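Chain order of the listed sequences is A and B. Numbering of the first sequence is given in this note's numbering, commencing with residue 27 and proceeding in unit increments. Numbering of the second sequence is given in this note's numbering, commencing with residue 27 and proceeding in unit increments. Following: one structure in structure tokens, then a few remarks.
Number of protein chains: 2
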Amino acid sequence: MHLRRDDPIPLYHQLAEELREQIESGQLEIGERIPSVMALTKQYRISPMTVRQALGELQRKGLLEVRRGIGTFVASPKITYNLLHLTSFTEDMVSQGLVTHNRLIHLALEMPTEYVAKQLKIPPDEQVVRIERLRYSGDVPILIDYSYLPGFLCPGLENEDMETNSLYALLEGRYRLALDHATHCLEATGANDYEAKLLGVPVGAPMVLVRGVAYLADNRPVEHFKSIYRADRYKFRWETARPLRHTP
Amino acid sequence: MHLRRDDPIPLYHQLAEELREQIESGQLEIGERIPSVMALTKQYRISPMTVRQALGELQRKGLLEVRRGIGTFVASPKITYNLLHLTSFTEDMVSQGLVTHNRLIHLALEMPTEYVAKQLKIPPDEQVVRIERLRYSGDVPILIDYSYLPGFLCPGLENEDMETNSLYALLEGRYRLALDHATHCLEATGANDYEAKLLGVPVGAPMVLVRGVAYLADNRPVEHFKSIYRADRYKFRWETARPLRHTP
DNA sequence: CAGTGGTCTAGACCACCTA
DNA sequence: AGGTGGTCTAGACCACTGC
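Set out below in structure tokens:
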């Protein structure tokens, strides 16, 4: 395996992906030492700083664990698994044997708010596709889901069937937009009139609000999302590993 | 101001701290552009890569915001919690450069409830240290923190100064209990009378409730914790390698 | 066009760890 | 002693932005 130098995707990210695949495929086992920085430098013919950028990325995501003066090791994969698990509503429902479906509330091409334009890093006069869906577990509405995507990235998306189709499957299949990573921000809030009505809870009922942005491998924003969960029907679980202390 | 080159603290961290102080003191205002990479390179007589390491650190912590081709700007500061790593509140605040202190509300050796004994995997007649603390960012109370630890693991902990000491630092330093991993469960809730009074918010105000257990490397439970955060002052942030939110 | 941040090079020295 | 990761240099080219 070698890296593509005439690719918009940075070398360090290509290397990080390569290592992640080796970890997830089991070529590199949990607790195993990965090749040293110098070894990777020679193997991929890139400079040490670039290797370290790749390792830093995986370290921050919890896939690698560094022991100074000894080496870099594959960390327990629980962390990433559960963090992904944390964000996957449908998967969570299915794994608990619950039937889930969506109700489309809104789907149109329109002008973004200032906030959304900033999140997507587009000019404020660039149109976005706005999607609003209500998502159920069985007959119980669990969350409201808002998505905003730059219109030029997915022309015609506003005419698709968003009730039965998965948005991400559409993006990857029809528009060849391979989502790569995402940021998330979680807070608690109370249901407003609109949310309370849709979800069938009292106004002010405790809700979990998750906002974030999904990106392509080259860091172009593809989607700004906002999800509002009923706190009485949904809990978030995860595990962490303690980071090793390093330099001050 | 100049950096100390014969200091164990890395240059990039010194620069990051320098910029952070300028932001917090108001020398650099929110939304203001900070000097460019080249300007900082010349000003502090360090190389561009080192400047970028400093900026990257502040960016990941949410203090800076980058607009490509334009410049780097001071972001509006928010307290965030990194879900990837198991850190204590104190460590988390300090790493973000925020001043924090605790008010001890309760500290004693006592009999556990059935629930706590089960969480800690100890017999119901085995005593636990119960700690209740109110924790501040500056002058603002942010959360109420309950900890329960098996008494035999940390004899004398009930006589320690829990107002100025970090619990995790004490456990690792004095008792040689190296925390390794933890489980967490998060939900949203409304403040009850007691919580509202302590935190100075209205009854029913949105709160984030996190419960869980911290373990040693051999899976012995060390601590059952329960933290109640003011949702208006504390947000939880994380990144995922692949966004699987809408997977069918 | 000039300025910005993003990426990358090909080395260097250091503190740390094992042996 | 020899290998490891951590830090740092002094440049380079690129894509993007605003003028």
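From the three backbone atoms N, C-alpha and C, an ideal C-beta is built for every residue, glycine too. This structure is a prediction, so every number in the text was calculated from the model and none was measured.
Outcome for D206 of chain A when other beta-carbon atoms lying within 10 angstroms are tallied against a minimum of 16: buried
Segment limits, alpha helix (DSSP H) that includes K68 of chain A: V63 to Y70
Three-way DSSP call (helix, strand, coil) for I168 of chain A in this model: strand
Chain-ordered chain A contacts of E213 of chain B [CB-CB under 9 angstroms]: A214, P232, V234, A257, D258, Y260, K261 and F262
Coil, strand or helix - P269 of chain A by DSSP: Note that P269 of chain A scores 42 on pLDDT, short of 50, meaning its location in the model is unreliable; the coordinates nonetheless yield the value given after this. Coil, per DSSP.
Nearest candidate by alpha-carbon position, reference F99 of chain B, set B:T209, B:V239, B:Y220 and B:R46: Comparing Cα positions, the closest option is B:R46.
Cβ contact (3+ pairs, closer than 8 angstroms) linking the stretch 130–148 of chain A and the stretch 211–221 of chain A: no
Nearest-angstrom Cβ-Cβ length linking E158 of chain B and P176 of chain B, presumed shorter than 8 angstroms: About 17 angstroms separates the two Cβ atoms, so there is no contact after all.
As assigned by DSSP and simplified to three states, the class of G97 of chain B: strand
Short CB-CB distance (under 8 angstroms) between H210 of chain B and chain A: yes
Span separating the alpha-carbon of R259 of chain A from that of I168 of chain A: 7 angstroms
Residues of the stretch 133–155 of chain B whose Cβ lies closer than 7 angstroms to any Cβ of chain A, in chain order: Along the stretch 133–155 of chain B, there is no position whose C-beta sits under 7 angstroms from a C-beta of chain A.
Residues bridged to G216 of chain A (per DSSP): A:P232
Chain A contact for M75 of chain B (CB, 8 angstroms cutoff): yes
Inter-residue Cα distance where the pair is A65 of chain B and G97 of chain B: Spanning the two alpha carbons is a distance of roughly 12 angstroms.
Proximity winner among A:D171, A:E83 and A:I254, relative to A243 of chain A (alpha-carbon distances): A:E83
Range of the contiguous alpha helix (DSSP H) that encloses R200 of chain A: Element bounds for R200 of chain A: n/a, residue is neither H nor E.
Touching by the beta-carbon criterion (3+ pairs, under 8 angstroms), the stretch 37–56 of chain A and the stretch 70–85 of chain A: Yes, the stretch 37–56 of chain A is in contact with the stretch 70–85 of chain A.
From A:S102, A:V63, A:Y70 and A:R71, residue whose alpha carbon lies closest to that of G95 of chain A: A:V63
Environment of V295 of chain A [buried if 16+ CB atoms lie within 10 Å]: Residue 295 of chain A lies beyond the range of chain A shown here (27 to 274); nothing can be said about it.
For N191 of chain B and K126 of chain A, the rounded distance between their alpha carbons: Reading off the sequence shown, one finds Thr at residue 126 of chain A, where the question assumed Lys. Near 48 angstroms, if we compare the C-alpha coordinates of N191 of chain B and T126 of chain A.
Interface flag, P34 of chain A vs chain B, CB-CB below 8 angstroms: By the rule that beta-carbons nearer than 8 angstroms mark a contact, P34 of chain A does not touch chain B.
F178 of chain A versus Y201 of chain A - alpha carbon distance: 11 angstroms
CB-CB length for D171 of chain B against F251 of chain B, believed under 8 angstroms: 7 angstroms
Cβ shell of P150 of chain A (< 7 angstroms), same chain only, five flanking positions each side left out: Counting only residues of its own chain and dropping the five nearest sequence neighbours on each side, P150 of chain A has a CB closer than 7 angstroms to the CB of P138, E140 and A143.
Three-state secondary structure assigned by DSSP to V248 of chain A: strand
Pair within 8 angstroms by beta-carbon distance, L130 of chain B and E184 of chain B: no
Supposed close pair G57 of chain A, P232 of chain B - CB separation, criterion 8 angstroms: Not confirmed; about 41 angstroms, so no contact.
Cβ-Cβ separation, L37 of chain A to T76 of chain A (assumed contact under 8 angstroms), whole Å: 5 angstroms
Assigned secondary structure, L175 of chain B (DSSP; H/G/I helix, E/B strand, else coil): strand
Rounded straight-line distance, which links the Cα of I60 of chain A to that of L54 of chain A: 7 angstroms
Whole-angstrom distance between Q145 of chain A and L270 of chain B, CA atom to CA atom: Because the pLDDT at L270 of chain B is just 39, under 50, the model does not fix this residue reliably, and the value given afterwards should be weighed accordingly. When rounded, the distance between both Cα atoms is 19 angstroms.
Test item: CB-CB of P34 of chain B and K147 of chain B under 8 angstroms: no
Own chain residues within Cβ distance below 6 angstroms of L235 of chain A, not counting five before or after: E213, T215 and I254
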